[in-house]
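**Q**
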Amino acid sequence: MSKYVNEKVVNLKPSGIRKFFDIASMYDDVISLGVGEPDFETPWHIREEGIYALERGKTVYTSNSGLKELREEVCKYTKNHIGVSYDPMKECLITVGGSEAIDLSMRAILEPGDEVIIPEPSYVAYVPAVILAGGKPVIINLKEDNEFRLTKEELISKITSKTKMLVLPYPNNPTGAIMEMKDLIDIAEVCIKNDIVVVSDEIYAALTYKGEHVSIASIEGMKERTIMINGFSKAFSMTGWRLGYACGPEEILKQMTKIHQFCIMCAPTNSQYAAIEALKNGEDDVLRMKEAYDERRRFLIHEFHEMGIDCFEPYGAFYVFPNIKKFGLSSEDFATKLLETEHVVVVPGTAFGDCGEGFLRISYAYSIDSLKKALERIRKFIETLK
Numbered sequence: 166m167s168k169y170v171n172e173k174v175v176n177l178k179p180s181g182i183r184k185f186f187d188i189a190s191m192y193d194d195v196i197s198l199g200v201g202e203p204d205f206e207t208p209w210h211i212r213e214e215g216i217y218a219l220e221r222g223k224t225v226y227t228s229n230s231g232l233k234e235l236r237e238e239v240c241k242y243t244k245n246h247i248g249v250s251y252d253p254m255k256e257c258l259i260t261v262g263g264s265e266a267i268d269l270s271m272r273a274i275l276e277p278g279d280e281v282i283i284p285e286p287s288y289v290a291y292v293p294a295v296i297l298a299g300g301k302p303v304i305i306n307l308k309e310d311n312e313f314r315l316t317k318e319e320l321i322s323k324i325t326s327k328t329k330m331l332v333l334p335y336p337n338n339p340t341g342a343i344m345e346m347k348d349l350i351d352i353a354e355v356c357i358k359n360d361i362v363v364v365s366d367e368i369y370a371a372l373t374y375k376g377e378h379v380s381i382a383s384i385e386g387m388k389e390r391t392i393m394i395n396g397f398s399k400a401f402s403m404t405g406w407r408l409g410y411a412c413g414p415e416e417i418l419k420q421m422t423k424i425h426q427f428c429i430m431c432a433p434t435n436s437q438y439a440a441i442e443a444l445k446n447g448e449d450d451v452l453r454m455k456e457a458y459d460e461r462r463r464f465l466i467h468e469f470h471e472m473g474i475d476c477f478e479p480y481g482a483f484y485v486f487p488n489i490k491k492f493g494l495s496s497e498d499f500a501t502k503l504l505e506t507e508h509v510v511v512v513p514g515t516a517f518g519d520c521g522e523g524f525l526r527i528s529y530a531y532s533i534d535s536l537k538k539a540l541e542r543i544r545k546f547i548e549t550l551k
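All residue numbers for the sequence shown refer to the working numbering, where the first residue is 166 and numbers rise by one.
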């Protein structure tokens with residue numbers, strides 16, 4: 166039956182993350198630092214609103230764009246947090262997680278052969294989404310000595326007459342890197358000059374530990390060429406509710422909504438009611454979880470330095486990206502041997518792009534106790550490599 170399968174799909178590489186969870190399932194005492202999922206339960210008042218929606222029989226389709234009240238709350242939240250005003254009726258779409266919003270933006274904008282610049286290491290879904298939409302991924306290999314920030318010079322070096330889009334993945338998964346205002350002003354200047362549209366994935370925006378998150382959409386001339394993507398999974402610990410959103414230019418959002426209409430119809434209804442409650446009354450929950458992540462972040466950085474493992478300080482998301490080149494193992498070999506001998510799951514940096522070689526992604530979306538136990542095993546493992 167292989168002759169019937171789309172060649173583009175066949176040629177896509179499977180996620181580099183999945184392999185390690187398949188191996189981990191063979192052991193009983195595994196400690197996983199591999200999943201980018203908050204260990205906090207969704208705050209009770211948010212769950213309660215989802216339950217109440219079911220009790221009231223709120224189980225029918227919403228409009229394709231999402232509940233009007235939710236779109237209004239999203240736009241209020243966006244105005245308050247990044248200083249950009251969007252029309253909830255024309256410039257906001259509720260999606261099934263941020264991942265659907267990424268896919269929709271690619272399919273609504275790209276023509277066959279259009280080039281999309283993607284800084285890596287970064288989230289595993291960008292390259293497949295570009296390919297499936299008929300575009301061509303153009304990779305920028307980010308550098309540790311620049312804290313994995315995207316520079317103006319790196320961007321300019323990859324622009325051609327076919328460049329149509331830049332993916333801007335900050336705060337970054339897997340590195341935890343952020344972009345500050347001065348960095349974004351340079352990138353915005355290049356995008357405006359070269360007429361490039363930006364897909365700004367800001368799913369970790371609320372988890373920024375150095376100042377406040379800055380969106381490129383807030384820079385003059387960028388709102389009209391930026392699709393800003395965010396969601397509820399990370400900040401509000403609502404991964405399984407599958408809810409995200411996109412805000413951007415009316416004409417692009419109209420086409421994204423059209424695709425969403427035919428493929429999805431609408432995001433889960435009770436999740437949308439829960440999200441309204443999250444935006445209205447969940448700010449304290451976000452701050453509480455952010456403080457816990459920050460404590461874990463600082464703990465991990467300190468412990469890695471004590472172990473002699475190089476790791477730049479990340480200021481966003483809930484990942485660290487330690488450099489393990491000194492141990493003479495590839496990222497995959499290090500992660501595989503650590504799992505097999507000490508039963509600790511980490512993700513090789515190469516799962517997020519070839520330039521991730523020599524690094525590991527370690528999530529701190531876990532309790533301090535779990536992190537301490539995992540670090541004891543990692544310390545024991547690296548002693549065998551000396």
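No residue lacks a Cβ here, since even glycine has one placed at the ideal position from N, Cα and C.
For G376, count neighbouring C-beta atoms within 10 Å of its own C-beta (all shown protein chains included) and say buried if the count is 16 or more, exposed if not.
**A** Stepping through the sequence shown from its first residue, residue 376 is reached at position 211. The residue in question, G376, is exposed, as its Cβ has fewer than 16 Cβ neighbours within 10 Å.
**Q** DSSP has C257 in a bridge; who is on the other side?
**A** Position 92 of the sequence shown holds residue 257. The partner list for C257 (beta bridge, DSSP) reads C412.
**Q** By a C-beta neighbour count over all protein chains shown, 10 Å radius and 16 as the cutoff for buried, is F427 buried or exposed?
**A** As a first step, residue 427 is located in the sequence shown; it is residue number 262 there, counting from the start. Counting Cβ neighbours within 10 Å, F427 comes out exposed, since fewer than 16 surround it.
**Q** If you compare alpha carbons, which of T404, R407 and I392 is closest to Q420?
**A** Counting from one through the sequence shown, the residue named residue 420 turns up at place 255. The shortest C-alpha separation from Q420 is found at I392.
**Q** Residues in its own chain within less than 6 Å of F205 by CB, not counting five upstream and five downstream?
**A** Position 40 of the sequence shown, counted from the first residue, corresponds to residue 205. For F205, where only same-chain residues beyond five positions count, the Cβ hits under 6 Å are S402 and M454.
**Q** By DSSP's criteria, I394 is part of a beta bridge. Which residues make up the other side?
**A** Position 229 of the sequence shown, counted from the first residue, corresponds to residue 394. DSSP lists D366 and A411 as partners of I394.
**Q** Could you pull out every residue in the same chain whose Cβ sits closer than 7 Å to the Cβ of S532, ignoring the five residues on either side in sequence?
**A** Walking along the sequence shown from the start, residue 532 turns up at place 367. These residues qualify, in order along the chain: D204.
**Q** Could you tell me which residues DSSP puts in a beta bridge with K301?
**A** The residue given as residue 301 occupies position 136 in the sequence shown. BP columns for K301 point to E280.
**Q** Taking the C-alpha atoms as reference points, what is the distance between T506 and R542?
**A** By one-based count along the sequence shown, residue 506 stands at place 341. By one-based count along the sequence shown, residue 542 stands at place 377. If I take the Cα positions, the gap works out to 9 Å.
**Q** Note down the Cα distance separating W406 from D449, rounded to an integer number of angstroms.
**A** The sequence position of residue 406 within the sequence shown is 241, counting from 1. The sequence position of residue 449 within the sequence shown is 284, counting from 1. Each residue's Cα considered, the two are about 20 Å apart.
**Q** Is K551 close to the ligand COA? I mean its beta-carbon at under 7 Å from any heavy atom of the ligand.
**A** As presented, the structure is devoid of all ligands, the ligand COA included, so that no description of it is given.
**Q** What span of residues does the alpha helix (DSSP H) with L320 cover, start to end?
**A** In the sequence shown, residue 320 corresponds to position 155, counting from 1. From DSSP, the alpha helix (DSSP H) with L320 extends over K317 to K323.
**Q** Cβ of I429 within 8 Å of Cβ of A266?
**A** Residue numbering aside, residue 429 sits at position 264 when the sequence shown is read from its first letter. Residue numbering aside, residue 266 sits at position 101 when the sequence shown is read from its first letter. No, the Cβ-Cβ distance between I429 and A266 is not below 8 Å.
**Q** Between E522, F517 and L503, which lies nearest to L540 when the distance is taken from Cα to Cα?
**A** Taking the sequence shown and counting its residues from 1, one reaches residue 540 at position 375. Ranking E522, F517 and L503 by Cα distance to L540 puts L503 first.
**Q** One question on the structure: do T434 and T227 come within less than 8 Å of each other, judged by their Cβ atoms?
**A** By one-based count along the sequence shown, residue 434 stands at place 269. By one-based count along the sequence shown, residue 227 stands at place 62. Going by C-beta atoms, T434 is nearer than 8 Å to T227.
**Q** Do we get a CB-CB distance below 8 Å when we pair G405 with the residues of chain C?
**A** Here there is only one protein chain, and chain C is not present.
**Q** So, with DSSP's three-state summary, where would you put F205?
**A** Residue numbering aside, residue 205 sits at position 40 when the sequence shown is read from its first letter. Three-state result, F205: coil.
**Q** Identify every run of the alpha helix (DSSP H) within the region 481–529, keeping only runs that are complete inside it and at least 4 residues long; order them along the chain.
**A** Entirely contained in the region 481–529, the alpha helix (DSSP H) runs reaching 4 residues are, in chain order, 496–507.
**Q** Using three-state DSSP, classify K329 as helix, strand or coil.
**A** The sequence position of residue 329 within the sequence shown is 164, counting from 1. Of the three classes helix, strand and coil, the one that applies to K329 here is strand, per DSSP.
**Q** Is M344 buried or exposed, if buried means 16 or more other CB atoms sit within 10 Å of its CB?
**A** Residue 344 sits at position 179 when you count from the first residue of the sequence shown. Buried: at least 16 other Cβ atoms inside 10 Å.
**Q** Starting from I274 and walking both ways along the alpha helix (DSSP H), at which residues does that stretch end?
**A** Working through the sequence shown from its first residue, we reach residue 274 at position 109. Its alpha helix (DSSP H) spans residues G262 to I274.
**Q** Quick one: Cα of E548 to Cα of L235, how far?
**A** Within the sequence shown, numbered from 1, the residue matching residue 548 stands at position 383. Within the sequence shown, numbered from 1, the residue matching residue 235 stands at position 70. Near 52 Å, if we compare the C-alpha coordinates of L235 and E548.
**Q** My understanding is that L536 touches R461, with C-beta atoms under 8 Å, so please give their C-beta distance in whole angstroms.
**A** Here residue 536 corresponds to residue number 371 of the sequence shown, with the count starting at 1. Here residue 461 corresponds to residue number 296 of the sequence shown, with the count starting at 1. Sure, about 6 Å apart at Cβ, within 8 Å.
**Q** Output the distance between the C-alpha atoms of N229 and K223, rounded to the nearest integer angstrom.
**A** Reading the sequence shown from its first residue, position 64 is the one you call residue 229. Reading the sequence shown from its first residue, position 58 is the one you call residue 223. Whole-angstrom Cα-Cα distance: 15 Å.
**Q** Tell me the rounded alpha-carbon separation between Y438 and K329.
**A** Your numbering for residue 438 matches position 273 in the sequence shown. Your numbering for residue 329 matches position 164 in the sequence shown. Looking at the two C-alpha atoms, the distance is approximately 36 Å.
**Q** Express the C-alpha separation of S528 and E497 in angstroms, rounding to a whole number.
**A** Here residue 497 is taken as the residue at index 332 of the sequence shown, counted from 1. Here residue 528 is taken as the residue at index 363 of the sequence shown, counted from 1. Cα-Cα distance, rounded: 17 Å.
**Q** What would DSSP say about S383, mapped onto helix, strand or coil?
**A** Walking along the sequence shown from the start, residue 383 turns up at place 218. It is helical.
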